[in-house]
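>
Numbering (this note's numbering), first residue to last: 15 to 360.
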């Protein structure tokens, strides 16, 4: 059941937090441009804050399960690490999928002179980097920070920016597809062309599919209201869907999943939360652990470690996640050995 998900994934992946401390992010897109000059000067947070309290701006582009998991685990872990309300004043803001609102939030953080900004998801990080170049920025769940032009060298960030990546090996997701639904000849790719994180992963997916002789068709969206129609446009043209860690599509996952169920097609996703919300399966990471990892990095910055000495980090342990309710709805029988080792949600 869903309520067992957090406990199950924590047991399977607890070791990953320690292991990923020195793991760099995934490779960048081939044509990634250099990091913007906005992130060229490294600054340390003031130890004054408000009295003796650090002031942190915490921004989130939109509501969906993965991002909420990061937010909640980040704030809880900060307190667990000794940075509760007596030491840290967290100003949490959610842009509710509105880019202009997100820009305004980040500009206000800059105007308020926050000691540090935590940006959840790629669009948030890009906006924060542009609005507040002189404030230390720790991002979370940025799939490809080089392609997003946030850093040039993830192993040794050169400016005010570092953070955590939620990159996963694309080939593992498609290997799972071959195991659970063999014989797929064409994959339907549904994603937001405006999300740098999605485009980078889709390019990796196309490279993999080309190498295996598997075809693909695409339907791109610009907002959540277009997801249902995009998925419907691919029904009859593919035998499975794939969507990367895409914030726009993740927000509309229930309607996307319903289209796929009605068509009897599996959706392979880039995030566990998208499986929880009706997708079929993924090989993914634990976003609760990612939030904790982000908090640990923030504490390093607050305690004086230069950002240049805090590499971008990526969880290195992955878990297979399957939705048994979706499997039943689309007529897929899950192998017993997979069920015994995977994280199962309903």
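Ideal Cβ positions, reconstructed from N, Cα and C, are used throughout, including at glycine. From a predicted model like this one, the values you see are computed outputs, not experimental measurements.
Mind pulling the alpha helix (DSSP H) runs of 4 or more residues that sit fully within the stretch 85 to 124?
Complete alpha helix (DSSP H) runs here, min 4: none at all.
> Measure the beta-carbon distance from residue 178 to residue 311 and round it to whole angstroms, keeping in mind my assumption that it falls under 8 Å.
Locating residue 178 in the chain shown gives position 164, where the first residue counts as 1. Locating residue 311 in the chain shown gives position 297, where the first residue counts as 1. Between residue 311 and residue 178 the Cβ distance is about 7 Å, and since that is below 8 Å, they are a contact.
> Within this structure, are the beta carbons of residue 213 and residue 326 separated by less than 8 Å?
The residue you call residue 213 lines up with position 199 of the chain shown. The residue you call residue 326 lines up with position 312 of the chain shown. No, these two residues do not count as a Cβ contact at 8 Å.
> From residue 256 to residue 263, what distance separates their C-alpha atoms?
The residue labelled residue 256 in the question sits at position 242 within the chain shown. The residue labelled residue 263 in the question sits at position 249 within the chain shown. Cα to Cα, residue 256 sits roughly 11 Å from residue 263.
> Just to confirm, is the Cβ distance from residue 122 to residue 70 under 8 Å?
In the chain shown, the residue the question calls residue 122 occupies position 108. In the chain shown, the residue the question calls residue 70 occupies position 56. No, they are not a contact pair.
> Let me confirm a value: residue 66 is counted as buried when at least 16 other C-beta atoms fall within 10 Å, else exposed. Which label applies?
Here residue 66 corresponds to residue number 52 of the chain shown, with the count starting at 1. It is exposed - the Cβ of residue 66 has fewer than 16 other Cβ atoms within 10 Å.
> Quick check: what's the CA-CA separation for residue 89 versus residue 228?
Here residue 89 is taken as the residue at index 75 of the chain shown, counted from 1. Here residue 228 is taken as the residue at index 214 of the chain shown, counted from 1. Rounded to whole angstroms, residue 89 to residue 228 spans 43 Å at the Cα level.
> By Cβ distance, which residues of its chain are closer than 7 Å to residue 269, with the 5 residues on each side in sequence left out?
What you label residue 269 is simply residue 255 of the chain shown in a count that begins at 1. Counting only Cβ-Cβ distances below 7 Å, and skipping sequence neighbours, we find 241, 242.
> Mind checking residue 161: buried by the 16 CB within 10 Å criterion, or exposed?
Sequence index remark: in the chain shown, residue 161 carries index 147 (1-based). Residue 161 should be labelled buried.
> DSSP three-state label for residue 273, please.
On the chain shown, position 259 is the one that residue 273 refers to. The answer is helix: DSSP assigns residue 273 an H, G or I state.
> What is the rounded straight-line gap between the Cα of residue 284 and the Cα of residue 259?
Position 270 of the chain shown, counted from the first residue, corresponds to residue 284. Position 245 of the chain shown, counted from the first residue, corresponds to residue 259. Between residue 284 and residue 259, the C-alpha separation is close to 5 Å.
> To the nearest angstrom, how far is it from the Cα of residue 337 to the Cα of residue 346?
On the chain shown, residue 337 is found 323 positions in, with the first residue counted as 1. On the chain shown, residue 346 is found 332 positions in, with the first residue counted as 1. Looking at the two C-alpha atoms, the distance is approximately 11 Å.
> Pull the bridge partners of residue 301 from the DSSP assignment, please.
Locating residue 301 in the chain shown gives position 287, where the first residue counts as 1. None; residue 301 has no bridge partner.
> Give the range of the beta strand (DSSP E) segment to which residue 211 is assigned.
Position 197 of the chain shown, counted from the first residue, corresponds to residue 211. Careful: residue 211 lies outside any beta strand (DSSP E), inside the alpha helix (DSSP H) at 210 to 226.
> How would you write the range of the beta strand (DSSP E) that residue 175 sits in, first residue to last?
Counting from 1 along the chain shown, the entry for residue 175 is found at position 161. Looking at the DSSP string, the run of the beta strand (DSSP E) that includes residue 175 is 175 to 179.
> Can you say whether residue 317 is buried or exposed, counting buried as having 16 or more other CB atoms within 10 angstroms of its CB?
For this step, residue 317 is matched to residue 303 along the chain shown. Result: exposed.
> Can you look up residue 261 in the DSSP assignment and give me helix, strand or coil?
Sequence index remark: in the chain shown, residue 261 carries index 247 (1-based). Note: residue 261 maps to helix in three-state DSSP.
> Considering only residues of the same chain and omitting the five flanking positions on each side of residue 324, which have a CB-CB separation below 8 Å?
As a working mapping, residue 324 is identified with position 310 in the chain shown. The answer, listed in chain order, is 171, 176, 311, 314, 315.
> With distances taken between CB atoms, is the gap from residue 208 to residue 233 smaller than 8 Å?
To locate residue 208, count along the chain shown from 1; it is residue 194. To locate residue 233, count along the chain shown from 1; it is residue 219. Taking 8 Å as the Cβ cut-off, residue 208 and residue 233 do not qualify as a contacting pair.
> Out of curiosity, what's the CA-to-CA distance linking residue 136 and residue 143?
Residue mapping note: residue 136 aligns to position 122 of the chain shown, counting from 1. Residue mapping note: residue 143 aligns to position 129 of the chain shown, counting from 1. Going by the C-alpha atoms only, they are around 11 Å apart.
> According to DSSP, what are the bridge partners of residue 322?
Taking the chain shown and counting its residues from 1, the one referred to as residue 322 is at position 308. Its beta-bridge partners do not exist; DSSP assigns none.
> Span of the beta strand (DSSP E) holding residue 192?
Looking up residue 192 in the chain shown gives position 178. Unbroken run through residue 192 is the alpha helix (DSSP H), 184 to 194; no beta strand (DSSP E).
> Applying the 10 Å Cβ sphere with the 16-neighbour rule, what's the burial state of residue 221?
Position 207 of the chain shown holds residue 221. Burial call: exposed.
> Can you tell which of 351, 303, 282 has the C-alpha that lies nearest to the C-alpha of residue 340?
In the chain shown, the residue the question calls residue 340 occupies position 326. Out of 351, 303, 282, 282 has the C-alpha closest to the C-alpha of residue 340.
> Can you find the residues in the same chain that come closer than 7 Å, C-beta to C-beta, to residue 218, ignoring five residues on each side of it along the sequence?
Along the chain shown, one-based indexing puts residue 218 at 204. Same-chain partners within the cutoff: 184.
> Name the residue from 321, 294, 237 whose alpha carbon lies nearest to the alpha carbon of residue 359.
Looking up residue 359 in the chain shown gives position 345. Cα-wise, what sits closest to residue 359 is 294.
> Judging by CA-CA distance, which residue of 308, 145, 96, 125 is the nearest neighbour of residue 116?
Here the question's residue 116 lines up with position 102 in the chain shown. Checking every option, the nearest Cα to that of residue 116 belongs to 145.
> By Cβ distance below 6 Å, which residues in the same chain neighbour residue 288 in space, the five residues on each side in sequence not counted?
The residue labelled residue 288 in the question sits at position 274 within the chain shown. Within the same chain, residue 288 has close Cβ partners 264, 267.
> What would DSSP say about residue 293, mapped onto helix, strand or coil?
As a position in the chain shown, residue 293 is number 279, starting the count at 1. Coil.
> Under the rule that 16 or more other beta-carbon atoms within 10 Å means buried, what is residue 236, buried or exposed?
The sequence position of residue 236 within the chain shown is 222, counting from 1. Residue 236 should be labelled exposed.
> Starting from the C-beta of residue 273, find all residues in its chain whose C-beta is less than 8 Å away, skip the five residues before and the five after it, and write them out in chain order.
Locating residue 273 in the chain shown gives position 259, where the first residue counts as 1. Result list for residue 273: 242, 245, 246, 249, in chain order.
> Report back the beta-carbon spacing between residue 104 and residue 131 to the nearest angstrom; my notes put them in contact at under 8 Å.
Within the chain shown, residue 104 is the residue found at index 90, counting from 1. Within the chain shown, residue 131 is the residue found at index 117, counting from 1. At roughly 11 Å, the Cβ-Cβ gap does not stay under 8 Å, so residue 104 and residue 131 are not in contact.
> Tell me which same chain residues have a C-beta within less than 7 Å of the C-beta of residue 216, skipping the five on either side of it?
Counted from its first residue, the chain shown places residue 216 at position 202. Result list for residue 216: 203, 205, 258, in chain order.
> May I ask you to list the residues that DSSP assigns as paired with residue 206?
Taking the chain shown and counting its residues from 1, the one referred to as residue 206 is at position 192. BP columns for residue 206 point to 235.
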